[in-house]
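Participant:
2 protein chains.
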Amino acid sequence: MPEPSTRNKIMDAGEHLFALNGFHRASLREITAIAGANLAAVNYHFGSKEKLYEAILERRITPLNGIREERMGRVIETAEAENRQPSVEELLRAFVEPTLEFISNLPESLGFFMMVNRCIMDSSGVQRKYFMGLMQPTLMKFYHSLCGSLPHLSREVVYMRFMFTIGSMAHTIRMLKMMDHSGEKDLAIPDDIDFSAINEELIKFVTSGMEEV
Amino acid sequence: MPEPSTRNKIMDAGEHLFALNGFHRASLREITAIAGANLAAVNYHFGSKEKLYEAILERRITPLNGIREERMGRVIETAEAENRQPSVEELLRAFVEPTLEFISNLPESLGFFMMVNRCIMDSSGVQRKYFMGLMQPTLMKFYHSLCGSLPHLSREVVYMRFMFTIGSMAHTIRMLKMMDHSGEKDLAIPDDIDFSAINEELIKFVTSGMEEV
DNA sequence: GTCTATACGATGATAGAC
DNA sequence: GTCTATCATCGTATAGAC
Chain D
4 MPEPSTRNKI MDAGEHLFAL NGFHRASLRE ITAIAGANLA AVNYHFGSKE KLYEAILERR
64 ITPLNGIREE RMGRVIETAE AENRQPSVEE LLRAFVEPTL EFISNLPESL GFFMMVNRCI
124 MDSSGVQRKY FMGLMQPTLM KFYHSLCGSL PHLSREVVYM RFMFTIGSMA HTIRMLKMMD
184 HSGEKDLAIP DDIDFSAINE ELIKFVTSGM EEV
Chain C
4 MPEPSTRNKI MDAGEHLFAL NGFHRASLRE ITAIAGANLA AVNYHFGSKE KLYEAILERR
64 ITPLNGIREE RMGRVIETAE AENRQPSVEE LLRAFVEPTL EFISNLPESL GFFMMVNRCI
124 MDSSGVQRKY FMGLMQPTLM KFYHSLCGSL PHLSREVVYM RFMFTIGSMA HTIRMLKMMD
184 HSGEKDLAIP DDIDFSAINE ELIKFVTSGM EEV
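Residue numbers (our numbering), protein chains in the order written: chain D, 4 to 216; chain C, 4 to 216.
Here is the structure:
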């Protein structure tokens with residue numbers, strides 16, 4: 004195994020500390036100290052603290068959205084082979100399920116999802132715009148497929164309901180974070196959380212809301 | 004009209020700047036300058052920047068939750084008079100509706116709701132704990148009423164679905180913020196947003212998900 | 001190309017005079 | 001209650017070593 008590059012070591016330390024302390028409480032001095040790098044290396048490799056944040060996000064969002072789109076592709080193929088539209092549940096499952104699987108398989112990614120949430124609501128707009136740029140292509144593909152499976156609804160209503168779905172999903176992640184009672188000292192998820200049960204409940208909830216006449 | 008106290012002037016200026024620039028981009032020097040107060044007055048009146056943030060939140064959350072509980076009380080009274088359980092939709096309406104009415108009637112409160120969102124997901128936990136402490140009594144009252152109206156569901160499932168509901172609501176507020184194209188220079192909501200339509204769609208969505216068998 | 005040492009301006013916080 | 005002065009720490013920028 005090759006020694007991780009300075010760039011990667013900074014990103015690893017940053018992901019951990021941003022998730023633990025939030026953006027403005029995590030200092031670059033602490034991040035670089037843990038990474039064994041010089042303070043100035045952040046600006047050399049990333050340009051600024053904000054850009055470092057964005058790079059850490061992108062590292063995980065891109066593969067996650069890849070999984071989502073791949074599953075959506077399979078759902079559409081199967082439906083086409085059977086000469087039907089994909090069901091709303093199939094589409095929403097392709098979108099939602101990878102999220103909780105991601106957290107379940109890689110618990111440290113919970114911190115990454117908290118960073119995502121912070122981005123979504125960045126009041127100043129800078130981070131939100133960057134994040135939306137990363138998400139937009141995937142979101143649009145699902146949105147259009149959902150419109151195809153819900154032809155009796157106006158596109159505005161489908162859009163709103165898709166946003167409600169995203170909100171439910173985002174808040175589920177926050178719920179998981181709140182269940183973390185490891186005392187603010189480190190990130191951990193209790194062993195006894197049934198991810199698959201939460202996942203099924205979430206899919207049931209949003210499918211029902213999305214299909215409402 | 005009495006001259007607003009220094010304390011109140013700082014809170015007004017803080018609410019505006021926190022909403023506009025986010026927590027860590029809004030500086031106490033700018034806030035106190037606008038409020039016509041001295042920098043040190045923040046620490047004297049509130050203790051810290053974080054505590055100022057919390058005080059601004061509490062000022063609006065308390066009356067908002069008052070409206071929610073009052074409406075829930077009327078819903079329960081009506082149902083009791085008719086010898087039935089309140090419907091899920093009645094309960095969720097009492098919880099959800101005041102939010103969008105608040106924003107519609109008081110557009111500058113959109114900033115306050117962005118502050119709420121920031122609190123919900125504060126990774127370090129400090130703000131989240133404070134905020135949850137403010138919300139908990141109201142949340143519990145609605146949770147118990149919902150359990151009463153959904154006796155065939157386990158309490159865990161009702162709880163999860165209530166969390167999904169809150170997530171949808173929170174993301175709706177973020178949606179409104181994203182529709183704000185006033186150029187990051189000031190807060191404003193486009194005139195042509197139909198709050199009541201969004202409100203009805205949201206209630207329809209969460210009621211359907213909550214009632215799912 | 002990478003990395004380091006160092007310096008600069010701005011910030012949140014605090015102590016003490018009034 | 002309010003203000004001035006001061007402090008440690010922060011993100012950032014740059015000059016120069018390897």
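We put the CB at the ideal spot given by N, CA and C, even for glycine.
#1: In this structure, does DSSP put C:D15 in helix, strand or coil?
#2: Excluding five sequence neighbours on each side, which residues of the same chain lie with their C-beta closer than 8 Å to the C-beta of C:P7?
#3: In angstroms, rounded to a whole number, what distance separates the CA positions of C:I70 and D:L42?
#4: Classify C:M181 as helix, strand or coil using the three-state DSSP reduction.
#5: To the nearest angstrom, report how far apart C:Y47 and C:A38 are at their CA atoms.
#6: Quick one: using the 10 Å Cβ neighbour count with 16 as the cut-off for buried, is D:N108 buried or exposed?
#7: Since C:Y146 and C:F167 should fall inside the 8 Å C-beta cutoff, what is the C-beta to C-beta distance between them, to a whole number of angstroms?
#8: Leaving out five residues before and five after D:G186 in sequence, what residues of the same chain have Cβ atoms less than 6 Å from its Cβ?
#9: Are the beta-carbon atoms belonging to D:I79 and D:A40 less than 8 Å from one another?
#10: Starting from C:L205, find everything on chain D with Cβ-Cβ shorter than 7 Å and list it in chain order.
#11: Cα separation between C:R131 and D:N86?
#12: Taking all protein chains shown into account, do 16 or more other C-beta atoms lie within 10 angstroms of the C-beta of C:M182, making it buried, or fewer, making it exposed?
#13: Can you find a C-beta in chain D that's less than 8 Å from the C-beta of C:F26?
#14: Is C:G212 helix, strand or coil by DSSP?
#15: Could you check the C-alpha separation between D:L20 and C:E93 for me, to the nearest Å?
#16: Against chain C, which members of the segment 107-125 of chain D pass a CB distance test of less than 7 Å?
#17: Taking a contact to mean a Cβ-Cβ separation below 8 Å, would you say D:N202 touches D:E83 in this structure?
#18: Given a cut-off of 8 Å on the beta-carbon distance, is the pair C:R177 and D:M124 in contact?
#19: By Cβ distance below 7 Å, which residues in the same chain neighbour C:Q88 in space, the five residues on each side in sequence not counted?
#20: Would you mind stating whether D:A58 and D:F49 have Cβ atoms separated by less than 8 Å?
Facilitator: In this structure, then:
#1: Residue state, collapsed to three classes: helix.
#2: D15
#3: 50 Å
#4: helix
#5: 15 Å
#6: exposed
#7: Not really, about 13 Å apart at Cβ, beyond 8 Å.
#8: Note that D:G186 scores a pLDDT of 47, beneath 50, so its modelled location is shaky; the value from the coordinates is reported in the next line. Here the set comprises nothing.
#9: no
#10: By Cβ distance, chain D contributes F167.
#11: D:N86 has its alpha-carbon roughly 49 Å from the corresponding atom of C:R131.
#12: So C:M182 counts as exposed.
#13: yes
#14: helix
#15: 43 Å
#16: M117, N120, R121, I123, M124 and D125
#17: no
#18: yes
#19: A82, G151 and S152
#20: yes
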